[in-house]
Amino acid sequence: MRGDMCGSKNSGQGSTRAPEADRPDLDVEQRLTQAFGRPPDREAREFDENDVMELEENGRPIEGPHIIVLLEPRISGKNADKSIRRIGYPNFHRMEANGFSGGIWLLWDDFWHVEVLDTKNQFIHCRVWDERDMNFKFTAVYGHPSPSRRDILWQQLTDIQTASELPWVLLGDFNSIARGSERVGGSANRSGVSLQFVWWLMTSGLIDLGFLGPSFMWRRGTLHERLDIGLCSSEWRLAYPKASVLHLVRYQSDNRPLLLNLCSPSPSMVARPF
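Residue 264 in UniProt numbering sits at position 264 of the sequence shown, and the numbers go up by one each step.
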């Protein structure tokens, strides 16, 4: 099986642009090729407001990504519908933005079957499968900037985990870090580590998928953090041992897109009950 999943966000605070990303002439396909050295097999990707405008202009790139997650798109209602139609994916589901805050879009082509199971302010949760009945859970996450609101997210994700034994993968901006090494710069008086996030990770048993590429996804001034990550259950990791998360080039944003490349699943994923 081939495919990918992607995503990114826009903080609404203007752009802090990295030299390698200062190429507004590059379209999505060119940027992916630049990041991988070749057009990748793609499964899911995370985009932001600037990518929305570019996708509207250029249409969806050839061969994928098969699933796109857009965080903080900064548009809603009829304008959002128009943007999604111009991007060119036949299927979508979205959690509306509140003005310029929040919002999650999930777009996918017909490579995957996607059933949206739950939508909350901080995530969209779905079941994903193909014609061979390869089933897993996928959750697109945008953690609220408020720690107290994120505490609600950790409980909701715990409820999702206990509701089904399907392999599970999560992708998005958790707005939290679990290790001091995931933050550089900023105030010397705070580590930035979220103890509630660390506790949830420990109790859930989820695995950090790691990454290939630059170490930090987000930056503002001298502060750099790895807020966008991919997590999965051990069952999902066994099913997709070659899956990888790539940090792609930053484009007119303070945040890098993520690409989750699934490669091929193990035979154990076939015909697994839901």
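Even for Gly, the Cβ is constructed at its ideal location relative to N, Cα and C.
Closest residue to residue i among the options (Cα-Cα distance)
| i | options | result |
| --- | --- | --- |
| L171 | G205, D228, E165 | D228 |
| Q155 | W112, P167, W199, K78 | W199 |
| N121 | D110, M95, H113, H247 | M95 |
| V114 | F136, L157, L166, R237 | F136 |
| W112 | E131, L106, T158 | E131 |
| L107 | H247, A97, I87 | I87 |
| D81 | A97, L209, L258 | A97 |
| E235 | L209, L259, L246, H247 | L209 |
| D133 | T162, L166, L157, N79 | L166 |
| D118 | G230, L206, G205, Q161 | Q161 |
| F123 | W129, F138, D109, D110 | F138 |
| Y240 | Y89, I207, H247, P65 | I207 |
| G77 | H93, Y89, I68, V128 | H93 |
| L258 | R237, D159, G230 | G230 |
| I68 | S164, Y89, V128 | Y89 |
| D110 | N79, H66, R237 | H66 |
9 angstroms Cβ cutoff met for residue i and residue j
| i | j | result |
| --- | --- | --- |
| Q196 | P145 | no |
| F174 | R150 | yes |
| V245 | L212 | yes |
| S176 | S204 | no |
Nearest-angstrom beta carbon gap, residue j and residue i [assumed within contact, 8 angstroms]
| i | j | result |
| --- | --- | --- |
| W168 | C263 | That belief does not hold up - the Cβ atoms of W168 and C263 are roughly 18 angstroms apart, past 8 angstroms. |
| C126 | V116 | 5 angstroms |
| G143 | L153 | 6 angstroms |
Identity of the residues DSSP links to residue i by a beta bridge
| i | result |
| --- | --- |
| A140 | I124, L171 |
| V116 | C126 |
| R94 | W105 |
| S194 | Per DSSP, none; premise fails for S194. |
| D208 | L231 |
| I152 | Beta-bridge pairing links I152 to no other residue. |
| H66 | Paired residue(s): none; H66 is not in a bridge. |
| L71 | I104 |
Count the CB pairs spanning the segment 93-103 and the segment 72-81 that are closer than 8 angstroms, and state whether there are at least three.
yes
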